[in-house]
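Residue numbers (our numbering): 859 to 1371. This report concerns only the one structure given below.
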Amino acid sequence: MQLGTLLSYSLPAVLALPMLAAAWSWQSTRWAFAQCAMGTATLLALLSWLVVLLSGDFASTAEWLNSGILNVTMLGLISFIAFIVLNYAKTNFVADKDNQRFLRWFLLTVSAVMFTVSSNHLLVFFAAWVAISLSMHQLLMFYPERNRSALAAHKKFIFARLAELCLAAAFFLLYQQHQTLVITEILSAYPAAELNAQQQLAAVLLGLAALIKCAQLPLHGWLIQIVESPTPVSALMHAGIINLGGFLLLSFAPLFSQAQFAQWLVLVVAGLTTVIAALVMTTRISIKVRLAWSTTAQMGLMLVECALGLYELALLHLLAHSCYKAYAFLNSGQAVDEFMQKQYTNPRLVSAANWLWAGAVSVGFLLVIGFTVGLPAPYSPWLLIGLALTFVLANHLNQRQSLSIAKTLAFSAALLASYYLLKTGMGLLLPKVEHHYVLGADLWIGVLFVALFMLQLLLQYRAQSPAMRKLFIALNAGFYLDEWATRITHAIWAVPLPKNAVQTRLSLTEVKS
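As structure tokens, then:
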């Protein structure tokens, strides 16, 4: 039997293994079998990814499965993170009497995510999307006696239904337009000469579903408050769950890239979310809360990249952020020690000379790139790269005063080369999608990036000024957006919180911080 024939069965096998383990865990706790199943699924997914990367798509035995490079890449990411989190959870829940319940819903959640990213059928995609939310709700409510956890799960439950309504309406409009439920057949009709009103509306609804799924402001509060859930749940969120909105826009990129109104919707909401969430993160103390705000900001930036047509950069962002943030949550205990060490070292503010030197190096490198290979539009990401390089380099210089010019240039060149190589590599994993450059969108995002950088500097260097004190207080409260969202959700559907609530000292600290 040829390798291609064997691999044609790999996708169904990858999907079946977690479901088989979940079915077995319904009767008894089988951690060893679950680990073996997830490990095998991970190996099969990575093998499938290599074959697709080297030889192109292979035909799966099921027509509703998509064996495209994007789908197989996501499948490998999800199975890998799930396998790591599962091994962590086995130790984490070794003394928990409800470990069987966790294992059951963990495996069902992973299975639902795998079905979603592998689907080539609108109905299967939607059913799996809903299953993710329903099974994840059980994990968020793993400790139902915790008030804040119950409140976060309730808000997410309502927001998830709203996202599902948007997704269902978008899929219905696409089916009416194309008279097929097969996703690849729908996308083959694009790029069209011009989108009609029905297609434009479908793209807007897809954008709304992505924004809600990625916990963008003001529907972000549940993500901040789930820190009371078990640590493996927070890590699992980054295995294709919180970032599923990015995958949705990547999957429907041929349609989304032609819908300017949908792009502007994402640019405005996700752009503002990126700036606000990034600033709020700097005002919080709790490690998990900081990580949650960071996730909101990073998801906003990923959606902005999609709206700008930088799909390869968005995919790189999705993959790198998923792995890093899952690790960060699993390593949050060690992060507390690292944070305390930084507090005791009493770091100095970066000097003006270091800022000027770092800025000059960043501008110089961008000019060299521009004159040699060129800076392709849009230009706001290059602005962000320059600002980020300036920030990293200035702090690096401040910590190591003896850093030579040669080392400074080598460090900067290594950062830019890594970015270029990774971005180019991600471009090989995605089909080319035509995207029209919009100057206004580029300017809007550029202004937001500059505002983020300047406000961050003002909060550091003018922290005692009355204006910055007021801004700090407002940022620390998240501009009270979640409080308003909570009131509205309770007005729509109030839920009684547990009366016998048990709050640990750690969870209270995390919530208040």
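Beta carbons are placed, not taken as given, at the ideal position from N, Cα and C, and that holds for glycine. For clarity, every value in this text was computed on a predicted model and none was experimentally measured.
Check: Three-state secondary structure assigned by DSSP to His979; Outcome: strand
Check: Distance between Arg1148 and Ala1332 (C-alpha atoms, nearest Å); Outcome: 16 Å
Check: Backbone CA spacing between Gln958 and Ala1218 [nearest angstrom]; Outcome: 57 Å
Check: Proximity below 8 Å, CB of Val1091 to CB of Leu997; Outcome: yes
Check: Simplified DSSP state of Leu923, which is helix, strand or coil; Outcome: strand
Check: Val1040, DSSP secondary structure in three states; Outcome: strand
Check: Ala1050 versus Ser1115, Leu1025, Ser1007 and Trp922, residue with shortest Cα-Cα distance; Outcome: Ser1115
Check: Beta-carbon spacing of Ser906, Leu873 below 8 Å; Outcome: no
Check: Rounded C-alpha distance that separates Gln1035 from Gln1056; Outcome: 8 Å
Check: Environment of Met1157 [buried if 16+ CB atoms lie within 10 Å]; Outcome: buried
Check: Rounded separation between Met1326 and Gly1304 - CA only; Outcome: 23 Å
Check: Selection from Leu1171, Trp1351, Val943 and Val909 that minimises the alpha carbon distance to Gly897; Outcome: Val943
Check: At least 3 beta-carbon pairs within less than 8 Å: the region 1070 to 1083 vs the region 1334 to 1348; Outcome: yes
Check: Selected residue, minimal CA-CA separation from His1175, among Phe891, Ala1026, Tyr867 and Leu1280; Outcome: Leu1280
Check: Closest residue to Tyr1033 among Ala1047, Gly1129 and Ala1021 (Cα-Cα distance); Outcome: Ala1047
Check: Ala1186 versus Asn945 - alpha carbon distance; Outcome: 16 Å
Check: CB contact below 8 Å: Pro1354 versus chain C; Outcome: Absent from the structure: chain C. Only one protein chain is present.
Check: Run of the alpha helix (DSSP H) containing Gln1056, from where it starts to where it stops; Outcome: Ala1055 to Lys1071
Check: 8 Å Cβ cutoff met for Leu1177 and Ala1093; Outcome: no
Check: Beta-carbon proximity list for Ile927, same chain, < 7 Å, skipping 5 on both sides; Outcome: Val910, Leu911 and Leu1287
Check: Tyr1169, DSSP secondary structure in three states; Outcome: helix
Check: Complete runs of the alpha helix (DSSP H) confined to the region 1240 to 1311 [at least 4 residues]; Outcome: 1263 to 1285
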